[in-house]
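Asker: Chains as they are written, first to last, in the numbering used here: chain A, 1 to 172; chain B, 1 to 318.
Built from N, CA and C at the ideal position, the CB exists for glycine as well.
On a predicted model such as this, the values are computed, not experimentally measured, just so you know.
To start, I am sharing the structure in question, which I have written as structure tokens.
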Amino acid sequence: MALILFYIASAVAIFATVMMITRLNAVHGLLYLILSLLAVGVIFFLLGAHFAAVLEVIIYAGAIMVLFVFVIMMLNQGQKTINQESDWLKPGIWIWPSLLALILLAEMLVMIVLGDNADTGHVVDARQVGIALYGPYLLAVELASILLLAGLVGAYHLGKPMLKTARRRTES
Amino acid sequence: MNAGLGDAADIIGILVSTISVSALLIWVERRLLAVWQDRLGPNRVGPLGLMQVAADMIKMFFKEDWIPPFSDKPVFVLAPTIVFITMLTGFAVIPFAPGVGIIDFNFGLLYFLALSSLSVYSIVLAGYASNNKYSLLGGLRAAAQTVSYEVFMGISIMGVVMLSGTFNLREIVEAQRDGWFILPQFFGFIIFLIAVIAESRRAPLDLPEAEQELIGGFHTEYSGMKFGMFFVGEYLAITLSSALVVTLFFGGWLGPWLPPLLWFCLKTTIGILLFILLRGALPRPRYDQLMTFGWKVLLPAGLLNLLVTGAVVLSLHS
């Protein structure tokens, strides 16, 4: 049962990702990407990583992709960018990426055929994730937080001159 | 998942009651606002005007369901269903009473957060697909507002998670046997309430659809049952939010004398009435005030609440 659900979710994820790449309209592409992320969330859930599944939906599908949609809405592209995209997506360009993707697919198939079946019965709860993150993987957590701090400082720097001009505009 | 699905009667009962309560809220809200503003409100159709809901529904079904030719059609049609579906599935984790509920999921609280963050797509995509300046402005406001207030919503309920030591909503209710979390988590409750109002885009924080500035905001181009979906979706969001506030801070089904299910419904009703009263009582802030208040007041307050709660829990345990 779980295996059938897994294959359905994987098929949805792969199909959505392919559709995402081939869409000419950026917002439609993003919708497929959201769908793909949700499908990956289902796969995590089926593998017993419930916490990762919910976080996948909250953070990737629910927060990061909203920002993507937000930016693309603000740019408000019209027919012009759709034409530009269709120029970029000529069949010739597809050869090398498809070949590389096929190699990966072949590798994965070999691994599935030769390797042991994935462990699907083991359920990870939030406490175990927390203990793992703040125990053996503490260094990775700290590195990630430094990365986030750097991003924050960058965003602050970018936003600051804008703030000044905005204030001057309201004062004058 | 440590327990399976509720039985079919539970599922159908919860589905029917939540949808009918949400539809009835259209009448309740108009009537209550009228009472508080010294008017009568809709009182002509049926006893006390109760059939007003039916009249509104019939009107909506017979209106022309118009899709503007300049819109992005598939997305335009998809958008209103998202808020409806996400809010309805949100009810799946709400523990109505011991043994009454749809799923008993270990990450029930996170599940709610995930669904409420997905529901924003409805507004954003509606704003984008309408291809209308006012809708776009509404959609942009919705995206910014929801992404910001989601952060505090998550942080504000972590205090409850710390005190009860679980994300499971049933166990959170059980943990409140000795006292509701409204007392130790008062600041968490205030922040959560504000964040929930912002998430469900209710007045006073209804900037994405501010009628006076943006016509109808994101649903300017919508008519007929598609508009009805947004409308009922908003009331579903109110019902879900008050059910969650009751579960997290007011002890869920716990209470003396009365049966648990009745306690839960009573508390949730009071929560819904509070939502409506807030709409009648408070003016709408400016958009920049909303964002500043969120990031400069609610975020530090939420983090402080988290810090103090963590310290207290740690000192009690050691």
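Taking C-alpha atoms, which residue in B:Pro68, B:Val21 and B:Arg201 lies nearest to Gly224 of chain B?
Answerer: In the second sequence, the residue the question calls residue 224 of chain B occupies position 224. Closest by alpha carbon: B:Pro68.
Asker: Would Thr74 of chain B count as contacting chain A if we go by Cβ distances under 9 Å?
Answerer: Within the second sequence, the letter at position 74 stands for residue 74 of chain B. Thr is not the amino acid found at residue 74 of chain B; the sequence shown has Pro there. Chain A contact via Cβ: present.
Asker: Under the assumption that Phe187 of chain B contacts Asn106 of chain B (Cβ atoms under 8 Å), give the Cβ distance between them as a whole number of angstroms.
Answerer: Within the second sequence, residue 187 of chain B is the residue found at index 187, counting from 1. Within the second sequence, residue 106 of chain B is the residue found at index 106, counting from 1. At roughly 27 Å, the Cβ-Cβ gap does not stay under 8 Å, so Phe187 of chain B and Asn106 of chain B are not in contact.
Asker: Between Met1 of chain B and chain A, is the shortest Cβ-Cβ distance under 9 Å, so that the two count as touching?
Answerer: Position 1 of the second sequence, counted from the first residue, corresponds to residue 1 of chain B. Confidence at Met1 of chain B is low in this model, with a pLDDT of 39, below 50, so its placement is unreliable and the value that follows should be read with caution. True, the Cβ-Cβ gap to chain A drops below 9 Å.
Asker: Between the segment 49-65 of chain A and chain B, which residues of the former have CB atoms less than 7 Å from a CB of the latter, in chain order?
Answerer: Flagged, chain order: His50, Phe51, Val54, Val57, Ile58, Ala61, Gly62 and Ala63.
Asker: Could you spell out where the alpha helix (DSSP H) holding Ala175 of chain B opens and where it closes?
Answerer: The residue labelled residue 175 of chain B in the question sits at position 175 within the second sequence. Neither: Ala175 of chain B is in no alpha helix (DSSP H) and is coded neither H nor E.
Asker: Have a look at the DSSP bridge pairing and note the partners of Ala97 of chain B.
Answerer: The sequence position of residue 97 of chain B within the second sequence is 97, counting from 1. Beta-bridge pairing links Ala97 of chain B to B:Val100.
Asker: Tell me whether the beta-carbon of Thr146 of chain B lies closer than 9 Å to the beta-carbon of Ile123 of chain B.
Answerer: To locate residue 146 of chain B, count along the second sequence from 1; it is residue 146. To locate residue 123 of chain B, count along the second sequence from 1; it is residue 123. Their beta carbons are under 9 Å apart, which means Thr146 of chain B touches Ile123 of chain B by this criterion.
Asker: Let me know the secondary structure DSSP gives Glu319 of chain B once reduced to three states.
Answerer: Outside the shown range of chain B, which is 1 to 318, sits residue 319 of chain B, and nothing can be said about it.
Asker: Under 8 Å: do the segment 52-69 of chain B and the segment 90-109 of chain B share three or more Cβ pairs, one atom per stretch?
Answerer: As far as the Cβ criterion goes, the segment 52-69 of chain B does not touch the segment 90-109 of chain B, which means the pair count is below three.
Asker: Taking C-alpha atoms, which residue in B:Leu214, B:Ser200 and B:Gln212 lies nearest to Ser241 of chain B?
Answerer: Taking the first residue of the second sequence as 1, we reach residue 241 of chain B at position 241. Minimum Cα distance to Ser241 of chain B is reached at B:Ser200.
Asker: Tell me whether Ala126 of chain A is buried or exposed, calling it buried when 16 or more other Cβ atoms sit within 10 Å of its Cβ.
Answerer: Taking the first sequence and counting its residues from 1, one reaches residue 126 of chain A at position 126. With 16 or more Cβ atoms within 10 Å of its Cβ, Ala126 of chain A is classed as buried.
Asker: Taking Cβ-Cβ distances shorter than 9 Å, what residues in chain B pair up with Val27 of chain A?
Answerer: The residue labelled residue 27 of chain A in the question sits at position 27 within the first sequence. Asp72, Val75, Leu125, Tyr128 and Ala129, listed in chain order.
Asker: Any chance the segment 30-42 of chain B sits against the segment 189-204 of chain B, with 3 or more Cβ pairs inside 8 Å?
Answerer: Output reads no: the segment 189-204 of chain B does not touch the segment 30-42 of chain B.
Asker: Taking C-beta pairs closer than 7 Å, name the residues in chain A that Thr117 of chain B reaches, listed in chain order.
Answerer: The residue given as residue 117 of chain B occupies position 117 in the second sequence. With the sequence shown as reference, residue 117 of chain B is identified as Ser, and Thr is not the correct amino acid for it. Those are Ile58, Gly62 and Ala63, listed as they occur along chain A.
Asker: Note down, in chain order, every chain B residue with its Cβ under 9 Å from the Cβ of Ala155 of chain A.
Answerer: Locating residue 155 of chain A in the first sequence gives position 155, counting from the first residue. Near Ala155 of chain A there are no residues of chain B at all, since even the closest Cβ is about 12 Å away, more than 9 Å.
Asker: Hey, how far is the Cα of Met1 of chain B from the Cα of Val18 of chain A?
Answerer: In the second sequence, counting from the first residue as 1, residue 1 of chain B sits at position 1. In the first sequence, counting from the first residue as 1, residue 18 of chain A sits at position 18. Confidence in Met1 of chain B is poor, its pLDDT being 39 and thus under 50, which makes the residue's placement unreliable; the coordinate value appears in the next sentence. The alpha-carbon atoms of Met1 of chain B and Val18 of chain A are separated by roughly 32 Å.
Asker: Quick check: the segment 212-220 of chain B against the segment 143-160 of chain B, are at least 3 beta-carbon pairs closer than 8 Å?
Answerer: At 8 Å Cβ cutoff, the stretches do not touch.
Asker: Would you mind telling me which residues of chain A sit closer than 7 Å to Leu364 of chain B, beta carbon to beta carbon, in chain order?
Answerer: Residue 364 of chain B is absent from the structure shown; chain B starts at 1 and stops at 318.
Asker: Could you work out which residue in B:Gly46, B:Leu137 and B:Leu15 is closest to Trp27 of chain B when comparing CA atoms only?
Answerer: Here residue 27 of chain B is taken as the residue at index 27 of the second sequence, counted from 1. Cα-wise, what sits closest to Trp27 of chain B is B:Gly46.
Asker: Under 9 Å Cβ-Cβ, which residues of chain B neighbour Ala9 of chain A?
Answerer: What you label residue 9 of chain A is simply residue 9 of the first sequence in a count that begins at 1. Simply none; closest approach about 16 Å.
Asker: Glu320 of chain B: buried (16+ other C-beta within 10 angstroms of its C-beta) or exposed?
Answerer: Summary: the structure shown does not reach residue 320 of chain B, with chain B confined to residues 1 through 318, and so no result is reported for it.
Asker: Along chain A, which residues have their Cβ under 7 Å away from the Cβ of Gly179 of chain B?
Answerer: Position 179 of the second sequence, counted from the first residue, corresponds to residue 179 of chain B. Under the 7 Å cutoff, chain A gives no residues; its nearest Cβ is about 24 Å from Gly179 of chain B.
Asker: If the cut is a Cβ gap below 7 Å, which residues of chain A does Leu386 of chain B touch?
Answerer: Past the boundaries of the shown model lies residue 386 of chain B; chain B is included only from 1 to 318, so the question cannot be answered.
Asker: Based on Cα-Cα distance, which residue from A:Gly29, A:Ile21, A:Leu33 and A:Leu47 lies nearest to Ile4 of chain A?
Answerer: Locating residue 4 of chain A in the first sequence gives position 4, counting from the first residue. That would be A:Leu47, whose Cα lies nearest to the Cα of Ile4 of chain A.
Asker: Considering only residues of the same chain and omitting the five flanking positions on each side of Ala3 of chain B, which have a CB-CB separation below 7 Å?
Answerer: Here residue 3 of chain B refers to the residue found at position 3 when the second sequence is read from its first residue. No answer about Ala3 of chain B holds up, because its pLDDT of 47 lies below 50 and its placement is not dependable.
Asker: What first and last residue would you give for the alpha helix (DSSP H) that runs through Val77 of chain B?
Answerer: Here residue 77 of chain B corresponds to residue number 77 of the second sequence, with the count starting at 1. Note, Val77 of chain B: alpha helix (DSSP H), Lys73 to Gly90.
Asker: For Val45 of chain B, go through chain A and note every residue whose CB falls closer than 9 Å to its CB, in chain order.
Answerer: Reading the second sequence from its first residue, position 45 is the one you call residue 45 of chain B. Within chain A, no residue comes near Val45 of chain B; the closest Cβ sits about 40 Å away, beyond 9 Å.
Asker: Which residues of chain B have a Cβ atom closer than 8 Å to the Cβ of Asp125 of chain A, listed in chain order?
Answerer: Taking the first residue of the first sequence as 1, we reach residue 125 of chain A at position 125. Residues of chain B passing the Cβ test: Asn106.
Asker: At a Cβ threshold of 9 Å, is Val28 of chain B touching chain A?
Answerer: Locating residue 28 of chain B in the second sequence gives position 28, where the first residue counts as 1. So no, Val28 of chain B is outside the interface.
Asker: So is Thr239 of chain B buried or exposed if we call it buried at 16+ other beta carbons inside 10 Å?
Answerer: Locating residue 239 of chain B in the second sequence gives position 239, counting from the first residue. With 16 or more other Cβ atoms within 10 Å, it is buried.
Asker: Looking at the structure shown, is Ser223 of chain B part of a helix, part of a strand, or coil, going by DSSP?
Answerer: For this step, residue 223 of chain B is matched to residue 223 along the second sequence. Three-state DSSP puts Ser223 of chain B in coil, outside helix and strand.
Asker: Relative to chain A, which residues along the segment 156-190 of chain B have a C-beta separation below 7 Å, given in chain order?
Answerer: If the cut-off is 7 Å between Cβ atoms, the segment 156-190 of chain B has Phe167 near chain A.
Asker: To which residues of the same chain is Ile82 of chain A closer than 8 Å at the C-beta, ignoring the five residues directly before and after it?
Answerer: As a working note, residue 82 of chain A is residue 82 in the first sequence. Excluding positions up to five away in sequence, the list reads Leu24 and Asn25.
Asker: With 9 Å as the threshold, decide whether the Cβ of Ala243 of chain B is near any Cβ in chain A.
Answerer: Against the second sequence, residue 243 of chain B aligns to sequence position 243. Chain A contact via Cβ: absent.
Asker: Using three-state DSSP, classify Tyr137 of chain A as helix, strand or coil.
Answerer: As a working note, residue 137 of chain A is residue 137 in the first sequence. Here Tyr137 of chain A sits in coil by DSSP.
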